[in-house]
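Residue numbers (this note's numbering): 216 to 644. Just so you know, even glycine gets a beta-carbon here, dropped at the ideal spot from N, CA and C. Report on the following structure.
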Amino acid sequence: MSKQKPYRIVDIDITEYTAKGNGLGRCNNPNPEGDPWVLDVPFTMPGDRAQVKVLKKKAGVQHCALVQILSPSPDRIEARCIHFGICGGCRWQHLPYALQLKNKELYVQRCFGLLITPGVKFYPILPCEQAWEYRNKMEFSFSANIAGDKFLGLIMDSSRGKVLNLTECHLVHNWQIDTLRAVRAWWEDSTLEAYHPSKNQGSLRTLMLREGFRTGDRMVVLTVSGNHDYALHKGQIASFLESVKNAAGIDSGSGKLSIFLRIQQIAKGTATTFFEMHLEGPDTIKEVLYVKSHPDAIADELTFKISPAAFFQPNTLQAEQLYSKVLQLAEIEPNSIIYDLYCGTGTLGICLAKHAKQIIGIEISPEAVLDARANAALNGFTNVTIIDGSVGKVLGQPYKGEYLPKPDIVLVDPPRAGLEAAAIKQLLA
Numbered sequence: 216m217s218k219q220k221p222y223r224i225v226d227i228d229i230t231e232y233t234a235k236g237n238g239l240g241r242c243n244n245p246n247p248e249g250d251p252w253v254l255d256v257p258f259t260m261p262g263d264r265a266q267v268k269v270l271k272k273k274a275g276v277q278h279c280a281l282v283q284i285l286s287p288s289p290d291r292i293e294a295r296c297i298h299f300g301i302c303g304g305c306r307w308q309h310l311p312y313a314l315q316l317k318n319k320e321l322y323v324q325r326c327f328g329l330l331i332t333p334g335v336k337f338y339p340i341l342p343c344e345q346a347w348e349y350r351n352k353m354e355f356s357f358s359a360n361i362a363g364d365k366f367l368g369l370i371m372d373s374s375r376g377k378v379l380n381l382t383e384c385h386l387v388h389n390w391q392i393d394t395l396r397a398v399r400a401w402w403e404d405s406t407l408e409a410y411h412p413s414k415n416q417g418s419l420r421t422l423m424l425r426e427g428f429r430t431g432d433r434m435v436v437l438t439v440s441g442n443h444d445y446a447l448h449k450g451q452i453a454s455f456l457e458s459v460k461n462a463a464g465i466d467s468g469s470g471k472l473s474i475f476l477r478i479q480q481i482a483k484g485t486a487t488t489f490f491e492m493h494l495e496g497p498d499t500i501k502e503v504l505y506v507k508s509h510p511d512a513i514a515d516e517l518t519f520k521i522s523p524a525a526f527f528q529p530n531t532l533q534a535e536q537l538y539s540k541v542l543q544l545a546e547i548e549p550n551s552i553i554y555d556l557y558c559g560t561g562t563l564g565i566c567l568a569k570h571a572k573q574i575i576g577i578e579i580s581p582e583a584v585l586d587a588r589a590n591a592a593l594n595g596f597t598n599v600t601i602i603d604g605s606v607g608k609v610l611g612q613p614y615k616g617e618y619l620p621k622p623d624i625v626l627v628d629p630p631r632a633g634l635e636a637a638a639i640k641q642l643l644a
């Protein structure tokens, strides 16, 4: 067996950021005939002098691990979390929040490049009033090593899927970490195994925790394998319920606790399917958003039901700012017809519905469509229509025997893949 070559250790100055927020530096190539090295180093920032371990080369860049900071940037601050630098959840805890915003603005400006010409106004980022404990949803992974050690937490940085046992997280409220610890203890006392994707073996996949930031409602969703050989038995489900209720239970009288078991079924040649077992509490949690049509206006209060699989903006406070800004910039008239494309659970369109003649939402997920229709009814809107289907196929086609009215305003919030070519064609028609 050949021995692995030792990693090279180099000292470099960090001068800029990568697109992912890592520090970027340069140094001479050990090969005198080679080009200078470009090095990508997580958890560093411009102004740092760092000692780094060179791990691998990819697309002309040397990807590195931070060994130590030799001389810190004058802007560097102490990270709040003990897991920072190992956990893959946070990238910039060593930057003051104001500097994080500044660097993100610069990155956006670079992305738009030549489009930002004289006369084009660039609006600054709207900061969140709460930089910690702001997330209303987190998903944690189960994992185990060959020795049988069990892990429940977030994926470690640059680890190829290894999971870190979290003991704290400052992005969420304390009840989520208490519940995480309780579920980990329940698992350690059981014979259950973490799910192994390549073998389709094991039971436990993920633990999702979410809450209504303004209502206090809480939801716990345990996702397990659909392989019947690893199904949880009644006693295991009962002990899971007990551990969750002890940790996530609501004693103050405000808010409700919902608990679900979600079964993920995988088979070659077929689409992945999910089945939900409602174990405890209401079948949804509620969240309230306050949205303003003008900075000085009285906010509209809107209530939303959130089901286990529903997408909802993970930062409630920033969602309110985002939707308020859309409402203020859209210049909606009483007779405006608005398309809300890729509408998900209908949140954005519903926030605008009070001010428009009609909202037409289009969404491909049947579950999200049901949620969107329920949320429109919950808020008393009869001018919101949600259509189930692909945006590219629905646009330009009759709906219930009639073509959709031409929109005055189009809201577009597509998934990461972006707008479908068919959707772009229809919007330009």
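Beta-carbon contacts of residue i that lie in its chain and below 8 Å, excluding the five residues immediately before and after
i: GLN345; result: LEU532
i: GLY262; result: ILE229, PRO287, SER288, PRO289, ASP290, ARG291
i: ALA568; result: ILE574, ALA591, ASN594, PHE596, ASN598, VAL599
i: HIS570; result: SER508, LEU542, ILE547, PRO549, SER551
i: GLU502; result: ASN351, GLY427, PHE428, ARG429, THR430, ASP432, THR518, PHE519, ILE521, PHE527, THR531
i: TYR312; result: PRO342, ALA346
i: LYS608; result: ALA637
i: ASN243; result: PRO251, TRP252
i: LEU310; result: MET260, ASP290, ARG291, ILE292, ASN318
Cut-off 6 Å between Cβ atoms - residues of its own chain near residue i, not counting five sequence neighbours on either side
i: ALA524; result: GLU582
i: GLU457; result: none
i: MET434; result: ARG425, SER473, ILE500
i: SER358; result: PHE366, VAL378, ALA409
Pairwise C-alpha distance: residue j and residue i
i: GLN416; j: VAL436; result: 20 Å
i: GLY450; j: TYR410; result: 19 Å
i: PRO620; j: ARG631; result: 28 Å
i: ASP555; j: ILE574; result: 7 Å
i: ALA637; j: TYR618; result: 17 Å
i: ILE624; j: ILE601; result: 16 Å
i: ASN380; j: MET371; result: 9 Å
i: LEU642; j: SER356; result: 40 Å
i: GLU516; j: GLN308; result: 33 Å
i: VAL506; j: LEU544; result: 13 Å
i: HIS493; j: SER454; result: 15 Å
i: LEU447; j: VAL439; result: 8 Å
i: ARG477; j: PHE489; result: 7 Å
i: ARG420; j: TRP390; result: 21 Å
i: LYS572; j: VAL253; result: 55 Å
i: GLN283; j: THR233; result: 19 Å
i: PHE475; j: GLY304; result: 25 Å
i: VAL267; j: ASP226; result: 6 Å
i: GLU495; j: ALA512; result: 40 Å
i: LEU386; j: GLN612; result: 44 Å
i: LEU395; j: CYS384; result: 10 Å
Bridge-paired residues (DSSP) for residue i
i: VAL253; result: ARG241
i: PHE519; result: GLU502
i: TYR554; result: ILE575, VAL625
i: GLY450; result: GLY450 is not bridged to any residue.
As assigned by DSSP and simplified to three states, the class of residue i
i: ASP228; result: strand
i: THR382; result: coil
i: THR600; result: strand
i: ASP623; result: coil
i: LYS608; result: helix
i: LEU270; result: strand
i: SER405; result: coil
i: LYS615; result: coil
i: LYS352; result: strand
i: ASN389; result: helix
i: MET216; result: Caution is warranted here: a pLDDT of 47 is assigned to MET216, below 50, making its placement in the model unreliable, and the coordinate value is therefore given only provisionally. In the structure shown, MET216 sits in coil (DSSP, three-state: anything other than H, G, I, E or B).
i: VAL276; result: strand
i: GLY496; result: coil
i: ALA175; result: Outside the displayed span of the chain (216 to 644) sits residue 175, for which this structure offers no information.
i: LYS507; result: coil
i: LYS640; result: helix
i: HIS411; result: strand
7 Å CB neighbourhood of residue i in its chain, flanking five on each side removed
i: ALA584; result: Rather than Ala, the amino acid found at residue 584 in this sequence is Val. GLU578, ILE601, ASP603.
i: TYR614; result: ILE602
i: VAL606; result: LEU556, TYR557, ILE577, GLU635, ALA638
i: GLU320; result: PRO339, ILE340
i: ILE563; result: A quick correction: the sequence has Leu, not Ile, at residue 563. Same-chain partners within the cutoff: TYR538, VAL541, ASP555, LEU626, ASP628.
i: ARG588; result: ILE601
Quick test of the definition: if touching needs 3 or more C-beta pairs under 8 Å, does the segment 246 to 254 touch the segment 281 to 300?
no
Indicate whether the contact test is met: 3 or more Cβ pairs, each with one atom in the segment 386 to 406 and one in the segment 316 to 332, closer than 8 Å.
no
Looking at C-beta atoms only, is the number of pairs between the segment 256 to 274 and the segment 233 to 246 that lie closer than 8 Å three or more?
yes
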